[in-house]
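Just so you know, the sequences run in chain order A and B.
FYI, the numbering for the first sequence is 7 to 319, going by our numbering.
FYI, the numbering for the second sequence is -16 to 209, going by our numbering.
Input: a single structure, listed below in structure tokens.
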Amino acid sequence: MAWLLVFVETALFIALAPLFAGWVKWVKCWLQNRRPPSLLQPYRDLAKLFRKRPVIADQASWVFEAAPYIVFATAVFSAGIVPFVAAHMPTAKIADLIVLVGFFALGRFFLTLAGMDLGTAFGGMGSSREMMIASLAEPAMLMAIFTLAMSASTTNVSQAIDWVQQSGLVLRPSFAFALAGLIMVAVAETGRIPIDNPATHLELTMVHEAMVLEYSGKYLALMEWASQIKLMLYGVLIANIFFPWGIAHDFSPDTLGRGFVAIAAKLALLGAVLPTGETLFAKMRVFRYQEFLGFAYLLSLLGMLSHVILEVN
Amino acid sequence: MGIAQQTIYEQAVLFIAAVVVFTSFLMLAQKRLFPLIALFASQGFLLAVTTALVAYDRDYPHLYASALITLFIKAMVIPWLLRRWIIQLDVHREVESLLYPTYVMMAASALVLFSYYIVLPIERLSTLASRNALAVSFAVVLLGMLLMIARRQAVTHVIGFMSIENGLFFAAVTATGGMPMVVELGVAFDVLVAAVLFGVFFFHIRSSIDSLDVDELNRLHEVDTR
């Protein structure tokens, strides 16, 4: 029964990811005085791409064809282990936050391999930039996770959520810093402004788009869908760890319904904050990424230090 | 006793302590003078808020006065004076290039840990709930020194010096509940006088070496080999 619920929840997560991406785009258009596309537009794009016949260069190796499936699979597995509507799913016992970071790294590894597979200049450039961002963002993310883990004495997401809810409203400086650091990492990892611009195909600025430039048809659809899932994963992670109120703790239909409404409201709010930030900031030069992510690392580190210095005795 | 068992006021004091050390880090990274002064003013403002919180939490009415003095001098008068001088000296558009920003940040994090390690035995002597903030105030002192060491601009040195004073004041407020009123008044006016004197120095340095870069002070004019 519980395992069935895991499958349903993961399927719901994957199905709703394009809607979340559509909502972010909708708010962004609205903020910039443009007429927004329908909220369902990402679904139409995906459906169109799935119908089209993919074109693959004749030099492509098996990595090129396998990468979209691997990237999509890691995104789906990550969606399975992050508590979405309810905490304490059976999957929570199998995998903790460090496994989640590992899944992200695995997906990214194959994404960058695929970018380099054809030997085009753009793909290689995008891959090298992606790896640069990842090497700077991962320590910051892990440091934020360790801060959380030291406070809650666990790296398990569900138990951390329990702990945050039980301790009630406490002004924890470490959590404020870890939250700020994690938000900056999320912005960098999901390729939003000021690190990458998801809406552009301008050659010199793109990172994610450069890597998937050679893909078409169903492969491109899988890649796009995986990146939408990743965006929503970060949103759910931030919403459920730092503001866990409303998440379901048992599997009765009543609490599950309430949990769903709560996470939908939290995601709608986060999906409005993200494009607001994107509208306020301009995209950075590539050589300033190090400053941005160094700042994220500093925030996470300060979170850790303020936990050690100020919060325990 | 962890943070969850403390009252909301004590939690707020600890929270602000973390934000104060964060502003010190931001000062180390800030290249422009106007934002640097704004950061210094916000540090003074946080200090005043902490003092008022401690005054309310422990019912020390004389701390309200020192909160007001802090707010007036450190968050308003000194930033305003510095701002006026750098406009008069025409250095407000200068962007200082940071030497080794990454190493400075690493050194800063190490200093925070070091101050924690140093303060640990001292903290046991205090019985107040906010004594954990003592390490943070010591860190603010050390970070102010680091700011003075790492930079070459005279105005930045003065801000580093003033932020050292902020750290000492923070230590006094959080660890012992403030100094006697006479001492506090004396220190406040000393800081103000120091600020005025620094202003005079700025104009002297400026007129003698035609720059506010203190590295220029290392060279004697007569034996200039460059």
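Glycine included, C-beta positions come from ideal geometry on N, C-alpha and C.
Predicted, not measured: the structure shown is a model, and the values here were computed from it.
Notebook entry, point to check: For residue 115/B and chain A, any beta-carbon pair shorter than 8 angstroms?
Noted result: Yes, its Cβ sits closer than 8 angstroms to a Cβ of chain A.
Note to self: Short of 6 angstroms in beta carbon distance, which residues of its chain neighbour residue 322/A, apart from the five on each side in sequence? Order them along the chain.
What the structure shows: Only positions 7 to 319 of chain A appear in this structure, which leaves residue 322/A out of reach.
Next item on the list: Give the range of the alpha helix (DSSP H) segment to which residue 25/B is assigned.
Entry: Note, residue 25/B: alpha helix (DSSP H), 16 to 41.
Check: Which word fits residue 150/B, buried or exposed, when buried means at least 16 other C-beta atoms lie within 10 angstroms of its C-beta?
Finding: With 16 or more other Cβ atoms within 10 Å, it is buried.
Notebook entry, point to check: How should residue 172/A be labelled, buried or exposed, when 16 other C-beta atoms within 10 angstroms of its C-beta is the threshold for buried?
Noted result: Burial call: exposed.
Note to self: Taking the alpha-carbon of residue 87/B as reference, which of 78/B, 100/B and 126/B has the nearest alpha-carbon?
What the structure shows: Residue 87/B has its Cα closest to that of 126/B, out of 78/B, 100/B and 126/B.
Margin query: For residue 195/B and residue 138/B, which I take to be in contact (beta-carbon distance under 8 angstroms), what is that distance rounded to the nearest angstrom?
Written below: Between residue 195/B and residue 138/B the beta-carbon gap is near 6 angstroms, inside 8 angstroms, which marks them as a contact.
Checklist line | Unbroken alpha helix (DSSP H) run spanning residue 198/B, endpoints | finding: Segment: none, residue 198/B is in no alpha helix (DSSP H) and carries neither H nor E.
Check: residue 13/B by DSSP, collapsed to three states: which one?
Finding: Looking at residue 13/B - three-state DSSP - the assignment turns out to be coil, as it is neither helix nor strand.
Check: In chain B, what lies closer than 7 angstroms to residue 176/A by C-beta?
Finding: Counting only Cβ-Cβ distances below 7 angstroms, residue 176/A has contacts in chain B at -14, -13 and -6, in chain order.
Next item on the list: Measure the CB-CB distance between residue 92/A and residue 265/A and report whether it falls below 8 angstroms.
Entry: Result yes, Cβ atoms of residue 92/A and residue 265/A sit closer than 8 angstroms.
Notebook entry, point to check: Since residue 78/B sits in a beta bridge, which residues does DSSP pair it with?
Noted result: Its beta-bridge partners are 15/B.
Item checked: C-beta neighbour in chain A for residue 95/B, strict 8 angstroms -> Interface residue, yes.
Next item on the list: For chain B, find out if any of its Cβ atoms is closer than 8 angstroms to the Cβ of residue 317/A; answer yes or no.
Entry: Residue contact check for residue 317/A against chain B: a CB pair falls below 8 angstroms.
Item checked: Between the CA atoms of residue 97/A and residue 10/A - distance to the nearest angstrom -> Approximately 11 angstroms between the Cα atoms of the pair.
Margin query: List, in chain order, every chain B residue whose beta-carbon is nearer than 8 angstroms to that of residue 179/A.
Written below: Going along chain B in sequence order, the residues near residue 179/A (Cβ under 8 angstroms) are -3, -2, 0, 1 and 2.
Item checked: Interface partners of residue 37/B on chain A, CB under 8 angstroms -> For residue 37/B, no chain A residue has a Cβ inside 8 angstroms of its Cβ, as the nearest lies near 15 angstroms away.
Check: Mind pulling the chain B residues with CB within less than 9 angstroms of residue 314/A?
Finding: Ordered by position in chain B, the residues that pass the 9 angstroms Cβ test against residue 314/A are 96 and 99.
Note to self: Short of 8 angstroms Cβ to Cβ, which residues in the segment 182 to 193 of chain A face chain B?
What the structure shows: For the segment 182 to 193 of chain A, which is checked against every Cβ of chain B, the residues closer than 8 angstroms are 182 and 183.
Note to self: Whole angstroms are fine: how far does the CA of residue 184/A sit from the CA of residue 145/A?
What the structure shows: When rounded, the distance between both Cα atoms is 12 angstroms.
Next item on the list: Please compile the residues from chain A whose C-beta is within a distance smaller than 7 angstroms of the C-beta of residue 118/B.
Entry: Within 7 angstroms Cβ-Cβ: 315.
Notebook entry, point to check: With 16 other CB atoms within 10 Å as the buried threshold, where does residue 201/B fall?
Noted result: In this structure residue 201/B is exposed. Its beta-carbon is surrounded by fewer than 16 other beta-carbon atoms within 10 angstroms.
Next item on the list: Label residue 312/A either buried or exposed according to how many other C-beta atoms from any shown protein chain fall within 10 Å of its C-beta, with 16 as the threshold for buried.
Entry: When all chains shown are included, residue 312/A counts as buried.
Note to self: Could you check whether residue 15/A and residue 70/A sit closer than 8 angstroms to each other, using their CB atoms as the reference points?
What the structure shows: Taking a C-beta distance under 8 angstroms as the contact criterion, residue 70/A and residue 15/A do not qualify as a contact pair.
Checklist line | Assigned secondary structure, residue 38/A (DSSP; H/G/I helix, E/B strand, else coil) | finding: Residue 38/A: coil per DSSP, three-state reduction.
Next item on the list: Quick one: list the residues of chain A neighbouring residue 80/B, beta-carbon separation under 9 angstroms, in chain order.
Entry: Neighbours of residue 80/B on chain A: none; closest Cβ ~14 angstroms, over 9 angstroms.
Next item on the list: Inspect the CB distances between the segment 57 to 73 of chain B and the segment 21 to 38 of chain B and report whether three or more fall short of 8 angstroms.
Entry: Three or more beta-carbon pairs separated by less than 8 angstroms link the segment 57 to 73 of chain B to the segment 21 to 38 of chain B, which places the two stretches in contact.
Next item on the list: Determine the chain A residues that contact residue 153/B at a beta-carbon separation under 7 angstroms, and present them in chain order.
Entry: Correct list: empty, because the minimum Cβ distance to chain A is about 13 angstroms.
Note to self: Under 8 angstroms: do the segment 32 to 42 of chain A and the segment 243 to 251 of chain A share three or more Cβ pairs, one atom per stretch?
What the structure shows: By the criterion of at least three beta-carbon pairs nearer than 8 angstroms, the segment 32 to 42 of chain A is not in contact with the segment 243 to 251 of chain A.
Next item on the list: For residue 92/B, decide whether its Cβ has a neighbour in chain A, counting only Cβ atoms nearer than 8 angstroms.
Entry: Yes, residue 92/B counts as interfacial toward chain A.
Notebook entry, point to check: Using a C-beta cutoff of 8 angstroms, does residue 10/B count as contacting chain A?
Noted result: Chain A, which has no Cβ nearer than 8 angstroms to the Cβ of residue 10/B, makes this no.
Notebook entry, point to check: What do you get for residue 105/B, buried or exposed, if any count of 16 or more other CB atoms within 10 angstroms of its CB means buried?
Noted result: Result: exposed.
Check: Roughly how far, in whole angstroms, is the beta-carbon of residue 23/A from the beta-carbon of residue 165/A, given that I think they are within contact range, below 8 angstroms?
Finding: Going by Cβ atoms, the distance from residue 23/A to residue 165/A rounds to 26 angstroms, so no, they are not a contact pair.
Item checked: Same chain only: Cβ atoms within 6 angstroms of residue 20/B, ignoring 5 sequence neighbours per side -> So the qualifying residues of the chain are 62, 65 and 66.
Checklist line | Between the CA atoms of residue 5/B and residue 68/A - distance to the nearest angstrom | finding: Distance between the alpha carbons of residue 68/A and residue 5/B: 49 angstroms.
Next item on the list: Consult DSSP for residue 171/A and reduce its assignment to one of helix, strand or coil.
Entry: Looking at residue 171/A - three-state DSSP - the assignment turns out to be helix.
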